[in-house]
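Peer 1: The structure under discussion is supplied below as structure tokens; questions concerning it will follow.
Residue numbers (the working numbering): 659 to 894.
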């Protein structure tokens, strides 16, 4: 029996905990409070997959501009960016293509049309959407769970591996507002953990990953010299 293709996150020490990576075609929810490096982790996995695995990658931001994201990538060391393999699209460019959006058009439909256009023209292997919260702040969604079900179904039909960023309010431990954690194939949590009286560590944990053997414990997430790594917590 052939093993399913895996997409690496390129977080050293973490991929081994999720069966070598995310199964191709799966949708993963990446969530955490502000400052937990959700966007940086997403840039890391796209940049490395574009360079090392020859994947066609698409990052759609509904919050930051392309210029801001490109500056962040350069500062993190994810540079140079081959825009033939890694495309960053921001909300401004999407609004220019869909001027009727501001009058209440369905943003899930806009995203579907944009992704399908990119897929047909250039191919899309990996997709990041930043963020789910922004979609709901823009869209007039009558039935959020049903809309998410159809949107996730659209991504799966194309065979795209997708990472959907979701931001938690500080102090809020509720993962899902509309059942997105149940609809997704995987969920990865990021959080700050207090160590001692004044120090905090960033921790990462895989809560679930379908069709994967997973180790569920929290790991300390470290970023150094342009590389993410995850190690067992040294101290509680």
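A virtual CB, placed ideally from N, CA and C, is assigned to each residue, including glycine. All of these numbers come straight from a predicted model, not from anything done at the bench.
Hey, could you find the ends of the alpha helix (DSSP H) residue 839 is sitting in?
Peer 2: The count along the chain shown starts at 1 and reaches residue 839 at position 181. Segment 838 to 841, the alpha helix (DSSP H) holding residue 839.
Peer 1: Would you call the region 838 to 850 and the region 865 to 874 touching, i.e. three or more CB-CB distances under 8 Å?
Peer 2: A contact exists between the region 838 to 850 and the region 865 to 874.
Peer 1: Using beta-carbon positions only, say whether residue 886 and residue 718 come within less than 8 Å of one another.
Peer 2: Position 228 of the chain shown, counted from the start, is the residue given in the question as residue 886. Position 60 of the chain shown, counted from the start, is the residue given in the question as residue 718. Their beta carbons are not under 8 Å apart, which means residue 886 does not touch residue 718 by this criterion.
Peer 1: What number of angstroms, rounded off, separates the C-alpha of residue 733 from the C-alpha of residue 685?
Peer 2: Position 75 of the chain shown, counted from the start, is the residue given in the question as residue 733. Position 27 of the chain shown, counted from the start, is the residue given in the question as residue 685. Roughly 28 Å separates the two Cα atoms.
Peer 1: If we ignore side chains and look at the alpha-carbon of each, how far apart do residue 724 and residue 854 end up?
Peer 2: If you number the chain shown from 1, residue 724 lands on position 66. If you number the chain shown from 1, residue 854 lands on position 196. Going by the C-alpha atoms only, they are around 38 Å apart.
Peer 1: Report back the beta-carbon spacing between residue 801 and residue 825 to the nearest angstrom; my notes put them in contact at under 8 Å.
Peer 2: Translated into the one-based positions of the chain shown, residue 801 becomes position 143. Translated into the one-based positions of the chain shown, residue 825 becomes position 167. Between residue 825 and residue 801 the Cβ distance is about 22 Å, and since that is not below 8 Å, they are no contact.
Peer 1: Is the beta carbon of residue 786 sitting closer than 8 Å to the one on residue 823?
Peer 2: Looking up residue 786 in the chain shown gives position 128. Looking up residue 823 in the chain shown gives position 165. In contact: residue 786 and residue 823 (Cβ atoms closer than 8 Å).
Peer 1: Can you list the beta strand (DSSP E) stretches of 3 or more residues lying completely in the region 704 to 730, in chain order?
Peer 2: Listed in chain order, the complete beta strand (DSSP E) runs (minimum 3 residues) inside the region 704 to 730 are 715 to 719.
Peer 1: Quick check: the Cα distance between residue 817 and residue 856, rounded to an integer number of angstroms?
Peer 2: What you label residue 817 is simply residue 159 of the chain shown in a count that begins at 1. What you label residue 856 is simply residue 198 of the chain shown in a count that begins at 1. The straight-line gap from Cα to Cα measures roughly 45 Å.
Peer 1: Under the three-state reduction of DSSP, which class applies to residue 768: helix, strand or coil?
Peer 2: Locating residue 768 in the chain shown gives position 110, where the first residue counts as 1. Helix, per DSSP.
Peer 1: Under the three-state reduction of DSSP, which class applies to residue 856: helix, strand or coil?
Peer 2: If you number the chain shown from 1, residue 856 lands on position 198. Coil at residue 856, not helix or strand.
Peer 1: Taking 8 Å as the cut-off, does the region 677 to 691 touch the region 704 to 720 (at least 3 CB pairs, one atom from each stretch)?
Peer 2: No contact exists between the region 704 to 720 and the region 677 to 691.
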